[in-house]
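Residue numbering for the sequence shown follows numbering that gives the first Met the number 0, starting at 0 and increasing by one per position. Every residue, glycine too, gets a C-beta built ideally from N, C-alpha and C. If you're wondering where the values come from, they're calculated on a predicted model, not measured in any experiment.
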Amino acid sequence: MEAPSASTVRLKDQLHAGAKIAVLAPHPDDESLGTGGLIQQALAAGAEVRVIFVTDGDNNPWPQRFVERRWFIDAPERARWGARRRAEGQHALQLLGCGKVRSESLGLPDAGILALWEEDLPGPRPAFENLLRAWKPTLVIVPSEIDRHPDHQATHFYGLDAVRTTGVHCLVYSYLIHRPWSQKVMRRHLASDQLELTETERLLKLDAIRCHHTQMALSGGRFSEFASREERYTLVQIT
Numbered sequence: 000m001e002a003p004s005a006s007t008v009r010l011k012d013q014l015h016a017g018a019k020i021a022v023l024a025p026h027p028d029d030e031s032l033g034t035g036g037l038i039q040q041a042l043a044a045g046a047e048v049r050v051i052f053v054t055d056g057d058n059n060p061w062p063q064r065f066v067e068r069r070w071f072i073d074a075p076e077r078a079r080w081g082a083r084r085r086a087e088g089q090h091a092l093q094l095l096g097c098g099k100v101r102s103e104s105l106g107l108p109d110a111g112i113l114a115l116w117e118e119d120l121p122g123p124r125p126a127f128e129n130l131l132r133a134w135k136p137t138l139v140i141v142p143s144e145i146d147r148h149p150d151h152q153a154t155h156f157y158g159l160d161a162v163r164t165t166g167v168h169c170l171v172y173s174y175l176i177h178r179p180w181s182q183k184v185m186r187r188h189l190a191s192d193q194l195e196l197t198e199t200e201r202l203l204k205l206d207a208i209r210c211h212h213t214q215m216a217l218s219g220g221r222f223s224e225f226a227s228r229e230e231r232y233t234l235v236q237i238t
C-alpha cells in the first residue's frame, strides 16, 4: 500500500464525525498555540479530541520571577507555578472545547524530556502507548522534530515511537512552535498543510492563548501572533 503523502492527504478531511484525535503537548500552552484551531474544527465536525500534557511547564523561571516579583525559586514555589500552568491549560481547553476535550497531565520534568529519551527511559512512552492501544486514535498530532525546544523534539520522538510500537493505524501531523533560526531569518514556513480559521475560530483561539496568563506576561506579543488565519501542520511519514 502506498504511504500517504502531503499531495494526496489533506488534514481538513481528517476532521469528521467518528474521528479520534490525540494531541501531544509538551507544556500547557502548546495545546492552544499549536492546535487551538484544529481542536475547534474537529469538535465542530463531530470528532473526539484528547490531549496529553507531558509536563506542567514548571521549569519556567523568568516568567515566574517577573510575575511574582521574586528572584529565588525553590522546589515548592516551582511546583506551585506548575500547578498554576496546569490550571491554565485546563481553562484553555474548556474554552476551546466547552468541556468536550479530555486531558491527562503526566507531570514529567519540564526541560528534561530529551534527556529521558537519550537515556532510553520510559518518560511519556507508557501513557502514549496506553492511549493509542485503548482509544485507537485516527489522527495523532505531535510537536515538530525540528522545533528548537528539546521537550518538543523529545515529545515528537516518543510519540512516533508509540505509534510504531502499538501499530495503531493513524495519520500523524506535526506542529511547530519554536521555529529554527534559519526559518525565522528567512521568514519561511515549510509546513506541508494548513487549516484555514474563520474569524470566530481565530478569536476563540486568541482567547484560549490568553488563558495562559503566566506566559502572556513576558511573551504576549509573540503568543498572540499564533492566532492567525492559518494553522500550519506537516504530515509525518511513519517508517
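What are the boundary residues of the beta strand (DSSP E) that includes residue i?
i	result
K19	K19 to A24
Do residue i and residue j have their C-beta atoms closer together than 7 Å?
i	j	result
V235	V167	no
D57	R77	yes
L95	P123	no
V139	A21	yes
E128	T165	yes
P25	P142	yes
P27	G88	yes
R228	L205	no
L113	D146	no
I51	V162	no
E47	K11	no
A82	S31	no
L42	K99	yes
A207	G33	no
A190	V66	no
P60	I72	yes
T233	R84	no
Buried or exposed for residue i, please, with buried defined as at least 16 other CB atoms from any protein chain shown within 10 angstroms of its CB.
i	result
C97	exposed
P125	exposed
R221	exposed
S102	buried
P121	exposed
T199	exposed
R186	Its pLDDT being 47, under 50, R186 is placed unreliably by the model, and the measurement read from it follows with that caveat. R186 is exposed by the Cβ-count criterion.
P75	exposed
L159	buried
Give me whichever residues DSSP pairs with residue i in a beta bridge.
i	result
F52	A24 and S104
Q193	R231
E47	K19
Which two residues bound the contiguous alpha helix (DSSP H) that contains residue i?
i	result
Q13	From DSSP, Q13 is part of no alpha helix (DSSP H); its letter is neither H nor E.
T213	H212 to S223
F71	First-last for F71: undefined, no H or E at that position.
V66	P60 to E67
K204	E198 to R209
* Asked: Fully enclosed by the region 103–172, which alpha helix (DSSP H) runs are 4 residues long or longer?
  -> 112–117, 124–134 and 149–165
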